[in-house]
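Asker: Letter by letter, the sequence shown follows residues 1 to 844 in the UniProt record's numbering. Got a structure for you, written out below as structure tokens; questions coming shortly.
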Amino acid sequence: MQLTLGKNQMNPSANSSVNFVDLTVKKKGGGSIIDQRPLFSNDGETLYVVWKNIIKVCSTQTGDFVREFEPSDYRIAGILVHPDNVHVIIGCTEKGQLDFWSCQSNVITKKLPLKLASEKAKIKTFHIVKYKTFQGNKICQALITHLSECGKKIYVLLFDIENGTCAKSVYVVAKSQEYYVDVIGNYDENLVAVLHDKDLHILNPARNLVDKLHKTSDTGRLPTCIAGHPEEDVVATGDNTGRVVIWKELFKTRPYTAVFHWHTLPVREIAFSKSGTHMYTGGGECVLVKWTVANPAQKTFLPRLPAPIKHLTIAPDNSYVAVSTLDNGIIIVTPQRKLTSVIQNFAWGVVLSSKDLFPAGLNFDPRSSSLVLNSRTGHVQFYNIHTKSLLCNLNITAQNFLTQERDVIIVNTEVTKVALNHDGTWMATVEERNDKVSSIEVRLKFWRFDMNTQAFTLNSSLELPHENGVNALQFQPNTLVFGDEEWFAVTTGKDNKCKLWNLVKPSNVQNTQEKTQRWKLYAVRDYRNLAATDASFSMDGSLLAIGFHSTLTIWIPEDFKMRNGLSHIQYNHPITRVEFGHHEACHLVVVASQQYIVVWNILTLAISWSVSLSVVSLTYDPKSTYMAAFTSDNSLYVFTPQSPTVVYKKTCLIESTSSILAATFVPHLKEIRNPSFGRWQAKSQLYFLDSNQELLTLEPSGTGISLEILLDKGTTPLNGFSDHLNLPVSSQDRAVMPAHERGTSKGMVKDLLNVTAHTLPSLRELCSPFILLLAKNRSEDSSDDEARDDSSEPNDNEVLTKLMVTPTNEREDTDELSTELFSYDWSSLSTILPDKDNLNHSFT
1 MQLTLGKNQM
11 NPSANSSVNF
21 VDLTVKKKGG
31 GSIIDQRPLF
41 SNDGETLYVV
51 WKNIIKVCST
61 QTGDFVREFE
71 PSDYRIAGIL
81 VHPDNVHVII
91 GCTEKGQLDF
101 WSCQSNVITK
111 KLPLKLASEK
121 AKIKTFHIVK
131 YKTFQGNKIC
141 QALITHLSEC
151 GKKIYVLLFD
161 IENGTCAKSV
171 YVVAKSQEYY
181 VDVIGNYDEN
191 LVAVLHDKDL
201 HILNPARNLV
211 DKLHKTSDTG
221 RLPTCIAGHP
231 EEDVVATGDN
241 TGRVVIWKEL
251 FKTRPYTAVF
261 HWHTLPVREI
271 AFSKSGTHMY
281 TGGGECVLVK
291 WTVANPAQKT
301 FLPRLPAPIK
311 HLTIAPDNSY
321 VAVSTLDNGI
331 IIVTPQRKLT
341 SVIQNFAWGV
351 VLSSKDLFPA
361 GLNFDPRSSS
371 LVLNSRTGHV
381 QFYNIHTKSL
391 LCNLNITAQN
401 FLTQERDVII
411 VNTEVTKVAL
421 NHDGTWMATV
431 EERNDKVSSI
441 EVRLKFWRFD
451 MNTQAFTLNS
461 SLELPHENGV
471 NALQFQPNTL
481 VFGDEEWFAV
491 TTGKDNKCKL
501 WNLVKPSNVQ
511 NTQEKTQRWK
521 LYAVRDYRNL
531 AATDASFSMD
541 GSLLAIGFHS
551 TLTIWIPEDF
561 KMRNGLSHIQ
571 YNHPITRVEF
581 GHHEACHLVV
591 VASQQYIVVW
601 NILTLAISWS
611 VSLSVVSLTY
621 DPKSTYMAAF
631 TSDNSLYVFT
641 PQSPTVVYKK
651 TCLIESTSSI
661 LAATFVPHLK
671 EIRNPSFGRW
681 QAKSQLYFLD
691 SNQELLTLEP
701 SGTGISLEIL
711 LDKGTTPLNG
721 FSDHLNLPVS
731 SQDRAVMPAH
741 ERGTSKGMVK
751 DLLNVTAHTL
761 PSLRELCSPF
771 ILLLAKNRSE
781 DSSDDEARDD
791 SSEPNDNEVL
801 TKLMVTPTNE
811 REDTDELSTE
821 LFSYDWSSLS
831 TILPDKDNLN
841 HSFT
């Protein structure tokens, strides 16, 4: 029996232009906070963390974000406390600009471009040195290093921190582009140590950076880090065999050396205590080692850190040690190895390749309004995008993290699939481990949210649900009244099988107290021994679509019998994604592969439309009919299954060196009725992850206070800022809110200044709308103003919204768009319809 094409196909020869709303990619989470070494304040109570071109200030006691400094113009290469003013932070950017931040006002008080010989120079390290001249004068200068354009020279430069002129310079011939720099001694007479390959260079700033060269090894040991002693002319170097070597009497022909060896993996970081009595080291073993320098045999350990160590920072009074770990976190501990706090808003995975960073993808938890995704090894994290906070890290595998060995790759068990049901009361996970030596490990776990403990607890653990791994995992929407025993979850596996799991009560409870419902296998199916790929339930849960190689099959969950098998000889590539349409598109099934998107109509058993597209990620909006497809060239296409008309298109979302790993729609706390966001993001907002482990979204290009703050008025924190926005508060909050008037400008400013800083938006977001609102209130208070009609006067929320968004005349609704067609490659947006003579399907 032949299938017929849908009647609403567009003419493939038609073509016209569509103007899309201009949206900008903005970062909402992720991004490295461990690229640069953090910095303690002089009293040790706060920690300054570098995040690209921004310095974030966090509390060492709680780990909470306190405030952030005014952004720099460029990416920051390093930060230090001003040697003559502890209330000023100096940062050096990769472009060679010194920025001076005031710790009181958080703003940049001075920008000093350094006079570099080459505009293409990229600063790698930044330090401050002090030394005495022959006349006895004390000199304080900025020490920076960078590679030459050819990469064969390491330039060491000293700059005046007042005028940015270069005072002294020297270069070291580089055999590799990896090198390490640190300052030796106190602020009276510094030396500079440069370590690369097997060469240790000791440079004296007081003598025009005269160089003393030492060889670190005559074997295969390669250097990995360096640290200068804070008081003496002593330096410590680490190597790839796990040794730490301390060098003394540096200007002698043969310096005195002492070896400290505990690590088996390369030493990644060394830090001395402020007096130099103790030394801290760390590496891939995830263990912080504290040494007594005078006695190498005396050492203590802080084991089982969440990830390998990258940086170590000591507080000025030795009260804290900040341990930066490769999961993008900073752990604050005391010298007595007591955990104080953790700074981590978005956890990273620590894996061998970027494609395995987030195997479980992006998932939305409707209960906590948070994203659920892979975290550190064996964990999943719940990240609230509205508050930009990490709610929790849930240990799924309950296994210790196995560190690597010198010559062996150690494989840890990782979470590969995550699914949550319609209300977030159930979560299912799949964990896998395959070291290609022992038998593969696969576990399917079901977790129930405990309302009493407010945490997920393990309900069922099923060993080897599929022999070689799991390809898809999804819960059935709980919209049909089938009873508890007919509520299903589906998995497809690499064993070419599809399985249904259901929640049932124990069959024999007479002799036990066990009455808890458990998940068990309901039925197993396959289709012509073809590879089972993806699966999707319909919106009401009454149908189940499963992809077997290039064939789309439709099943009834209750009896798990196949009703239809749909295929087309033109589309014979393996299906990677299957997704039912929602709401008015619930009768359509979108099938994606690395070569095409095909939309099947399950009522007519016909292809509605198709397009050639290399899809890497496909996701749907649960609140509307919109879907988003990301392609291998980092392009985004937003569409509805009913029509091949593109609702929104954006190319070059991220850099070509990165890739999109996962995406999902997150429902808004309240619908946004604003054309600047795009009609397709009115109910939900699109979030996606890239290979840089950054969480991104699309928003209007202008700056301003987040619309979520305005729209979710019930969750706005009670402070002076929200009060002047005239946002409603709960009766409980009103009871504790002090009475004050907002009718005068003086009162507004006083209330605003009395609010704690961490409850306010940044100055950049605050000042513009606040000043304009202030001017508006002054005009209202003036007795000379003309009377205005109250019925036509917009309230403060409306005024502020108008200030924050840029209205556009661009049309986004597919009904209003001029007719636009897909081409077969979707570049000119014109439809290519399959030849109906080539269509075929089968029934079972």
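The beta-carbon is built from N, C-alpha and C at its ideal position, and this holds for glycine as well.
Are I139 and Y131 close, meaning C-beta to C-beta below 8 Å?
Answerer: Yes, the Cβ-Cβ distance between I139 and Y131 is below 8 Å.
Asker: Please go through the segment 381-407 and give each complete beta strand (DSSP E) segment of 3 or more residues, from N-terminal end onward.
Answerer: Correct list: 389-395.
Asker: For F301, report the span of its beta strand (DSSP E) as first-last.
Answerer: Note, F301: beta strand (DSSP E), N295 to L302.
Asker: Report the rounded CA-to-CA distance for D239 versus G91, giving the unit in angstroms.
Answerer: Roughly 29 Å between the two C-alpha positions.
Asker: Quick one: complete beta strand (DSSP E) runs, 3+ long, within the segment 99-178?
Answerer: 108-113, 123-132, 138-147, 153-160 and 166-173, all fully within the segment 99-178.
Asker: For V342, which residues from the same chain have a beta carbon less than 8 Å from its beta carbon, with the 5 sequence-adjacent residues on both sides left out?
Answerer: If we look at V342 and ignore the five residues flanking it on each side, its Cβ neighbours are G63, G329, I330, I331 and I332.
Asker: Whole angstroms are fine: how far does the CA of S676 sit from the CA of N809?
Answerer: Because the pLDDT of N809 is 34, which lies under 50, any placement of that residue in the model is unreliable, and the question is left without a value.
Asker: If you reduce the DSSP assignment to three classes, tell me which class L725 lands in.
Answerer: The pLDDT assigned to L725 is 36, lower than 50, so where the model puts this residue is not dependable; a value taken from the coordinates is nonetheless given after this. DSSP places L725 in coil when its eight states are reduced to three.
Asker: K623 to R679, Cα distance in whole Å?
Answerer: Cα to Cα, the separation comes out at about 13 Å.
Asker: Under the rule that 16 or more other beta-carbon atoms within 10 Å means buried, what is R443, buried or exposed?
Answerer: By the neighbour-count rule (16 or more Cβ atoms within 10 Å), R443 is buried.
Asker: Which ranges would you report for the beta strand (DSSP E) in the segment 258-318 if only whole runs of at least 3 residues count?
Answerer: Correct list: 267-272, 278-283, 288-292, 295-302 and 309-314.
Asker: Using a Cβ-Cβ cut-off of 7 Å (strictly less than) and excluding sequence neighbours within five positions of N421, which residues of its own chain qualify?
Answerer: So the qualifying residues of the chain are F475 and N478.
Asker: If you scan the segment 621-676 from start to end, which runs of the beta strand (DSSP E) of 3 or more residues do you find wholly inside it?
Answerer: Those beta strand (DSSP E) runs which fall completely within the segment 621-676 and span 3+ residues are 627-631, 636-640, 643-650 and 660-667.
Asker: Going by Cα to Cα distance, which pick from S659, Q693, T651 and Q685 is closest to F20?
Answerer: Comparing Cα-Cα distances from F20 to each of S659, Q693, T651 and Q685, the minimum goes to T651.
Asker: Taking DSSP as the reference, what is the three-state secondary structure of Q61?
Answerer: Coil, per DSSP.
Asker: Go ahead and pull the three-state DSSP assignment for R518.
Answerer: Strand at R518.
Asker: If we count the other Cβ atoms within 10 Å of its Cβ and call it buried at 16 or more, is M451 buried or exposed?
Answerer: So M451 counts as exposed.
Asker: Just to check my reading of the structure: R67 and N106 have Cβ atoms closer than 8 Å, yes? What is that Cβ distance to the nearest angstrom?
Answerer: Confirmed, about 6 Å.
Asker: With distances taken from CA atoms, which of T224, C225 and R254 is nearest K215?
Answerer: Closest by alpha carbon: R254.
Asker: Please state if the CB of S614 and the CB of T631 are separated by a distance shorter than 8 Å.
Answerer: In contact: T631 and S614 (Cβ atoms closer than 8 Å).
Asker: Are the beta-carbon atoms of Y280 and A294 separated by less than 8 Å?
Answerer: For Y280 and A294, no; Cβs fall outside 8 Å.
Asker: Return yes when the Cβ of L209 is within less than 8 Å of the Cβ of V267, no when it is not.
Answerer: Cβ distance not < 8 Å, so V267 and L209 don't count as in contact.
Asker: Comparing C-alpha positions only, which one of S701, L689 and E699 sits nearest to G31?
Answerer: Nearest of S701, L689 and E699 to G31, Cα basis: L689.
Asker: For residue 896, which option in T237, D211, L213 and K212 has the closest C-alpha, if you only look at C-alpha atoms?
Answerer: There is no way to answer for residue 896, as the model of the chain reaches only from 1 to 844.
Asker: Beta carbon of L543, beta carbon of W600: below 8 Å?
Answerer: No.
Asker: Could you tell me how far apart the beta carbons of F580 and A545 are, in whole angstroms, since I believe they sit closer than 8 Å?
Answerer: At roughly 6 Å, the Cβ-Cβ gap stays under 8 Å, so F580 and A545 are in contact.
Asker: DSSP has M562 in a bridge; who is on the other side?
Answerer: M562 pairs with W555.
Asker: Unbroken beta strand (DSSP E) runs of length 3 or more, entirely within the segment 190-231: which are they?
Answerer: With a minimum length of 3 residues, the continuous beta strand (DSSP E) runs that stay inside the segment 190-231 are 191-196, 199-204, 210-215 and 223-228.
Asker: I'd like the span of the beta strand (DSSP E) that includes E579, first residue to last.
Answerer: It spans R577 to F580 - the beta strand (DSSP E) in which E579 sits, taken as one unbroken run.
Asker: Taking A585 as part of the beta strand (DSSP E), name the residues at either end of that continuous run.
Answerer: Unbroken run through A585: none, as it is neither H nor E.
Asker: By Cβ distance, which residues of its chain are closer than 7 Å to L464, with the 5 residues on each side in sequence left out?
Answerer: Same-chain partners within the cutoff: V442.
Asker: Looking only at its chain, what residues have a beta carbon closer than 6 Å to the beta carbon of D621, apart from the 5 residues adjacent to it on each side?
Answerer: Contacts found: F665 and S684.
Asker: Output the distance between the C-alpha atoms of E70 and T416, rounded to the nearest integer angstrom.
Answerer: When rounded, the distance between both Cα atoms is 39 Å.
Asker: Cutting at 6 Å between CB atoms, please list the residues of its own chain near R37, excluding the five before and the five after it.
Answerer: If we look at R37 and ignore the five residues flanking it on each side, its Cβ neighbours are H311 and T313.
Asker: Just to confirm my understanding: we take W51, look at its own chain, exclude 5 residues before and 5 after, and list those with CB closer than 7 Å. What are they?
Answerer: Here the set comprises G31 and I33.
Asker: Kindly indicate the opening and closing residues of the beta strand (DSSP E) around K499.
Answerer: Taken as a continuous stretch (DSSP letters only), the beta strand (DSSP E) holding K499 covers C498 to V504.
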